[in-house]
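Written below as structure tokens is the structure these notes are about.
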Amino acid sequence: MVTPVQIRPKTAEIYLDCNATTPVLPQIAQAVEHVMEHVFGNPSSSHITGLQARYILDNTRRLGRQVIGAPRGRVFFTSGATEGIQTAVLSALTAARNSTNLGGKRWLLYGATEHKAVPQALEHWNKLLQLNAELKPIPVDKRGKLDLQFIAEHVGAAHMICTMAVNNETGVMQDLKALEDVIRAENTTVPWMVDCVQALGKQSLQLSETTIDYAPFSGHKLYGPKGIGFMYVRESAPFTPLIIGGGQEQGQRSGTENLPGIAALHALFELLLNNEQQVFQSHAVLEEYREKLLNALRSVFPTLVLNHELADSVPTTLNFSVRGVPSRDIMDVFDAANIRVSSGSACSSGVTRSFVLDAMGLEAWRSSSAIRLSFGPATSAATIDAACARIRDAAMALRQSCLLVSDTNEDVDSNLDGVVQLRFDSHCCYLLIDKAAGEMAVIDPVPELAERIERLVACQNYRVKAVLTTEAQAPDSPAAMLAQLLCASGCSAQRDAVGWPLDAVGGCEAPVECQVEVFGCLRVGKRRLYRVGTREPLFLLSSPLIDDASTPHVDFAFIGEQDDVAQLMKAVHEQTLLLARRDDAFRVVEKLCEVSGDCVPCQLIDVSLEQQQEWLAQPETLVVDVREQQEHQVRQLSVDAEVINVPLTRLAQFIYSHRAQYKQRPIVCVCRSGHRSAVAAQVLARHGFEQVSHLSGGTALLIEADARDKAIFAN
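Numbering (UniProt numbering), first residue to last: 1 to 715.
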């Protein structure tokens, strides 16, 4: 197994995802190590070692009070902000349950852009305590600011109100004084929690001078380790401990204190209180950093739109969208360039849209294309300069893959040839490209991919022969409108309800093995595309033609949602690759025997990570890099084995072209995280490739072939 100490950062990594977490500063790590080795006592012990530990505990609390401006009230240590949120919600809702004034409808109010930990905690404890209150999100405007009028109308009947100081996705700051004024004007006693996680070290806080009841904080958002946080509770606020048993923290939070983590906070608080320190940059310097990054981004992404007002936000966060380019494409190529950014909250990184931007009422494309770039107060000028240069390199790769429109005379070459599968969720769209002829056809276009297809056509100057669908479409459908846009380059002007050119009807003999009548055919480069059926047709793509008299085989069949095995058996042969319009199970491409249930697939090779690293050092191994072309271009894999780039978009064409050549060769599929490579490996095994494995963990765990990393692995 690969041990934790063998996992190292990638060379020249530029980390711009500090709103998710931060590295631990050397002086903070030193404090942690010292306490673990030398001051390891239990603060509850009465001997000297315990008393030393108690001093660190009490002194850290004292410094923390100074940092957040809380000479009064409770301050105690937690495992992090999520525990603090749970404690606040439990305390407020327990008090509400015990109240004698429970008549009428009651609300649990929270900001619509709040971290998901808040509404989920409210829902959980509301149900567990059987309060039967109604959760109600407080709307925000397009700037991300909470609706004060809505609060005024509802807070009088609220059991609790939860807001945040700084949003984790956009960096938008709420006006806490304005919120306090409207809340207390309508309800002087309602418990009010403010999530202060992103405010620590970025805003001045004087909590004891406010009527904020609860304020959770987390160490790992500001250069401390994970697993340590602290919480402020106002003197008069209701309080119920979340964890009981032992009486630690004066009974406020039981369990032996995490003294190494608390020592980390001690070192952090010392830095925050030291006016002479030179680790954290001033607000003005951080604004300069942000401006540099924004200028670099705008220079390479002309259609970039900011999703927040700079004046409303902390200077360490930029949230932007690039029209027509999904966030996943930008994230992947940035990651390949060793720039770490996020598509939103790290807690929801698997989601394709931003609920924060949706709540702000921004356009859908901005939500699905959002990128969050965040740095920290300790980020250096050299890091910002390097990031600006690396951003330009990453954007060049996007242009050369036709994901960005270029206004220069660059030699753009996407290398797309043959069948290309594009996806949006489970919907599949197919491009049939003959690069040499400069011709293309589109089958089953997906509206969300229309702009990408348009860019590709413009980028490569393709002549589009047809835009087809496997079911009839209305004249105003997205497919029909895309055909109208693209067909000026070569389509017949007269087309029927599935986009088939009316001048391509009849006059074609069926290909070999096809036992049903074909409705017509058209040429796309060296291949023929046949139509079978009328209302819900199949489209059959032939093998390349030697001459016009050739009678070709059927290499690919675009079957829409056809699942009639008997019908398919009449149209194709055993080696034909079947491509469906929907692919919920991520099968990518199928064979006839799979549809009929008669296939016996090859099994994946189940080897350990160490064995895979040995495979990667062997020249006879074929590494199939399934990352997109732009990722591969920005960062090519440094291994001794042969490497070829086969994105999932081109996997069907790869299987067609190489199943005989690579059937018995050892293959390791690799991607950024291991998800795409797992899909690719399963697909290759199903299609008869006999020695296939995939690199679990992806390039994140890839130990590459330079001498230093080999030495680390050997040790």
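We put the beta carbon where it would ideally sit given N, CA and C, even for glycine.
As a beta-bridge residue in DSSP terms, residue 440 pairs with 433 and 464. For residue 671, the number of other beta carbons within 10 angstroms of its own is at least 16, and it is reported as buried. In the three-state scheme derived from DSSP, where H, G and I count as helix and E and B as strand, residue 283 is classed as helix. DSSP places residue 645 in the uninterrupted beta strand (DSSP E) bounded by 642–645. With a beta-carbon spacing of about 6 Å, residue 369 and residue 326 fall inside the 8 Å limit used to define contacts.
According to DSSP, residue pairing for residue 216 in a beta bridge involves 231. For residue 421, DSSP records a beta bridge to 430. The alpha-carbon of residue 633 is positioned some 45 Å away from that of residue 507. In the structure shown, residue 368 adopts helical secondary structure according to DSSP, grouped into three states. According to the DSSP assignment, residue 309 belongs to no beta strand (DSSP E), since it is labelled neither H nor E. Note on residue 574: under 16 other CB atoms within 10 angstroms of its CB, so exposed under the neighbour-count rule. In the structure shown, residue 332 adopts helical secondary structure according to DSSP, grouped into three states. The straight-line gap separating the alpha-carbon atoms of residue 658 and residue 287 is approximately 53 Å.
Per DSSP, reduced to three states, the secondary structure at residue 660 is coil, with no helix or strand assignment. Rounded to the nearest whole angstrom, the CA to CA distance from residue 130 to residue 159 is 13 Å. In this structure, the CA atom of residue 43 is about 48 Å from the CA atom of residue 149.
Contact between the segment 63–78 and the segment 203–213 is present: three or more C-beta pairs spanning the two stretches fall below 8 Å.
Residue pairing by DSSP puts residue 111 in a beta bridge opposite 138. The three-state reading of DSSP puts residue 154 in helix, counting H, G and I together. Counting every other CB atom within 10 Å of its CB across the protein chains shown gives residue 51 a total below 16, marking it as exposed. By the Cβ test, the segment 191–203 is in contact with the segment 216–224, since at least three Cβ pairs between them sit closer than 8 Å.
Assignment of residue 564 by DSSP, reduced to helix, strand and coil, places it in the coil class.
Considering only 687, 79 and 531, the residue with the shortest C-alpha distance to residue 262 is 79.
In this structure, DSSP gives residue 327 a helical state, which the three-state scheme calls helix. Where residue 593 is concerned, there is no enclosing beta strand (DSSP E), although the alpha helix (DSSP H) around it starts and stops at 592–596. Per DSSP, the continuous alpha helix (DSSP H) segment holding residue 262 begins and ends at 259–273.
Cβ contact annotation for residue 473 (same chain, cutoff 8 Å, sequence separation greater than five): 479, 480, 497, 498 and 499, in chain order.
Annotated three-state conformation of residue 223 is coil, per DSSP.
A distance below 8 Å separates the beta carbons of residue 532 and residue 516. For residue 378 and residue 342, the gap between their C-alpha atoms comes out near 19 Å.
Within the same chain, Cβ atoms closer than 7 Å to the Cβ of residue 138 are found at 109, 110, 111, 112, 146, 147, 150 and 151, the five residues on either side in sequence being excluded.
Residue 501 has 495 as its beta-bridge partners, per DSSP.
For residue 580, the secondary structure class from DSSP, reduced to helix, strand or coil, is strand. Residue burial annotation: residue 188 is exposed, with fewer than 16 other C-beta atoms found within 10 angstroms of its C-beta. Under DSSP, no beta-bridge partner is assigned to residue 299.
When C-beta atoms of the segment 536–554 are compared with those of the segment 582–589, fewer than three pairs fall below 8 Å, so the two segments do not count as touching.
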